[in-house]
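If you're matching positions, the sequence shown starts at 313 in our numbering and goes up one per residue.
Beta carbons: idealized from backbone N, C-alpha and C, even for Gly.
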Amino acid sequence: MPPSSRPSPSSRPSPSTPSTPSTPSTPSTPSSTRVDPVALAALREEYGDHGIDPATLPECPLVAFDVWLGEALAAGLPEPNAMTLATLGEAGPEARIVLLKARDERGFVFYTSYESGKARELARDPACALVFDWLGAMRQVRVRGRAERVSREESGEYFRTRPRQSQLGAWASRQSAVLASRDELEAKMAEVTARFEGGPVPLPDGWGGFRVVPTQVELWQGRASRLHDRVRYTRGPDGAWTRVRLSP
313 MPPSSRPSPS SRPSPSTPST PSTPSTPSTP SSTRVDPVAL AALREEYGDH
363 GIDPATLPEC PLVAFDVWLG EALAAGLPEP NAMTLATLGE AGPEARIVLL
413 KARDERGFVF YTSYESGKAR ELARDPACAL VFDWLGAMRQ VRVRGRAERV
463 SREESGEYFR TRPRQSQLGA WASRQSAVLA SRDELEAKMA EVTARFEGGP
513 VPLPDGWGGF RVVPTQVELW QGRASRLHDR VRYTRGPDGA WTRVRLSP
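This is how it looks when you write it as structure tokens:
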């Protein structure tokens with residue numbers, strides 16, 4: 313990757329020793345801890361002045377993405393493979409965070425229950441969008457594309473790499489189904505644990521991956537004075553990528 317696309321030492325986030333996370337509070341009646349609207353409006357992060365130059369970026373945005381993801385990993389940013397997946401539901405737009413589990417020449421792969429809301433939405437309309445938000449590096453990547461199921465063989469290969477408890481969890485949970493209580497879920501987990509005791513956990517029929525095949529990718533780099541750098545790649549009918557600079 314050309315130097316102009318890498319963070320300078322002063323802007324590159326440095327890994328820090330993780331602190332012991334505090335126990336999250338349970339939402340309750342609003343109290344004196346509510347956010348002051350004035351204070352909220354005053355929240356502001358000053359960005360550095362490291363930029364990106366479209367002329368020196370790779371021809372393919374997936375190559376640029378791989379470099380940025382590698383730098384986010386090296387910097388110790390938390391869960392840099394987390395991405396927001398936006399879909400279109402029957403009642404309107406939907407969004408949630410999922411984890412990128414593969415990135416190949418065809419696109420971005422994540423795994424889920426095929427009975428989940430997002431899977432049903434993608435079956436109805438495969439158009440979708442992804443957002444990677446690397447605040448520690450003052451970077452964001454937006455992806456627009458269409459989702460397609462990966463092969464069962466590919467899903468099986470990934471499923472076998474998952475921790476056993478995660479494999480069992482895929483059998484125990486009917487994603488997005490209403491539960492009477494937490495006990496119901498724990499009982500189902502105990503049931504599938506006993507069922508597969510002493511042997512491998514097979515891939516559930518209703519579980520697997522989606523690959524988001526990109527048609528547009530945008531790289532965003534935060535800069536001083538809110539004059540951010542934005543570079544948008546668009547895939548043409550022939551499969552070739554073109555890129556332009558966008559105003560912030």
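Closest by CA to residue i, which one among the options?
{"i": "P512", "options": "R408, F471 and R461", "result": "F471"}
{"i": "E460", "options": "L355, R436 and P516", "result": "R436"}
{"i": "V484", "options": "S467, A502 and E469", "result": "This sequence places Ala at residue 484; Val is not what is there. Checking every option, the nearest Cα to that of A484 belongs to A502."}
{"i": "G521", "options": "A552, R486, L434 and G551", "result": "L434"}
{"i": "E402", "options": "F420, G429, L381 and L389", "result": "G429"}
{"i": "E509", "options": "R547, P370, L480 and Y426", "result": "L480"}
{"i": "R547", "options": "V525, G534 and L539", "result": "V525"}
{"i": "W553", "options": "A489, E371, R542 and F422", "result": "E371"}
{"i": "P366", "options": "Q487, E530, T473 and V504", "result": "E530"}
{"i": "Q303", "options": "Q452, Y426 and V350", "result": "Given a span of 313 to 560 for the chain in the structure shown, any question on residue 303 remains unanswerable."}
{"i": "M395", "options": "T473, Q452, E469 and R538", "result": "Q452"}
Do you know how far the Cα of residue j is from the Cα of residue i?
{"i": "A387", "j": "R456", "result": "26 Å"}
{"i": "P475", "j": "P514", "result": "13 Å"}
{"i": "S559", "j": "M450", "result": "17 Å"}
{"i": "L374", "j": "V462", "result": "19 Å"}
{"i": "L385", "j": "W446", "result": "10 Å"}
{"i": "T345", "j": "I409", "result": "27 Å"}
{"i": "R418", "j": "R523", "result": "8 Å"}
{"i": "S467", "j": "L411", "result": "15 Å"}
{"i": "D416", "j": "F422", "result": "12 Å"}
{"i": "A489", "j": "G518", "result": "14 Å"}
{"i": "P549", "j": "R555", "result": "15 Å"}
{"i": "V443", "j": "R432", "result": "20 Å"}
{"i": "R494", "j": "N393", "result": "28 Å"}
{"i": "A376", "j": "P516", "result": "35 Å"}
{"i": "A414", "j": "F420", "result": "6 Å"}
{"i": "H362", "j": "L381", "result": "17 Å"}
{"i": "V504", "j": "A439", "result": "35 Å"}
{"i": "L397", "j": "A506", "result": "34 Å"}
{"i": "T473", "j": "V350", "result": "48 Å"}
{"i": "E469", "j": "G404", "result": "34 Å"}
Would you call the CB atoms of residue i and residue j closer than 8 Å?
{"i": "E391", "j": "T399", "result": "no"}
{"i": "R454", "j": "A441", "result": "yes"}
{"i": "R544", "j": "Q528", "result": "yes"}
{"i": "A482", "j": "Y359", "result": "no"}
Short of 6 Å in beta carbon distance, which residues of its chain neighbour residue i, apart from the five on each side in sequence? Order them along the chain.
{"i": "P325", "result": "Confidence at P325 is low in this model, with a pLDDT of 45, below 50, so the placement of that residue is unreliable and no value is reported for it."}
If you count every other CB in all the chains shown that lies within 10 Å of the CB of residue i, and 16 or more means buried, which is it?
{"i": "R557", "result": "exposed"}
{"i": "I364", "result": "buried"}
{"i": "S478", "result": "exposed"}
{"i": "L389", "result": "buried"}
{"i": "E465", "result": "exposed"}
{"i": "E357", "result": "exposed"}
{"i": "T424", "result": "buried"}
{"i": "D348", "result": "exposed"}
{"i": "E383", "result": "buried"}
{"i": "L352", "result": "exposed"}
{"i": "D541", "result": "buried"}
{"i": "A354", "result": "exposed"}
Tell me which same chain residues have a C-beta within less than 8 Å of the C-beta of residue i, skipping the five on either side of it?
{"i": "L491", "result": "L497"}
Quick one: what's got a C-beta closer than 7 Å to residue i's C-beta in the same chain, skipping five residues either side?
{"i": "K500", "result": "A484"}
{"i": "R538", "result": "P560"}
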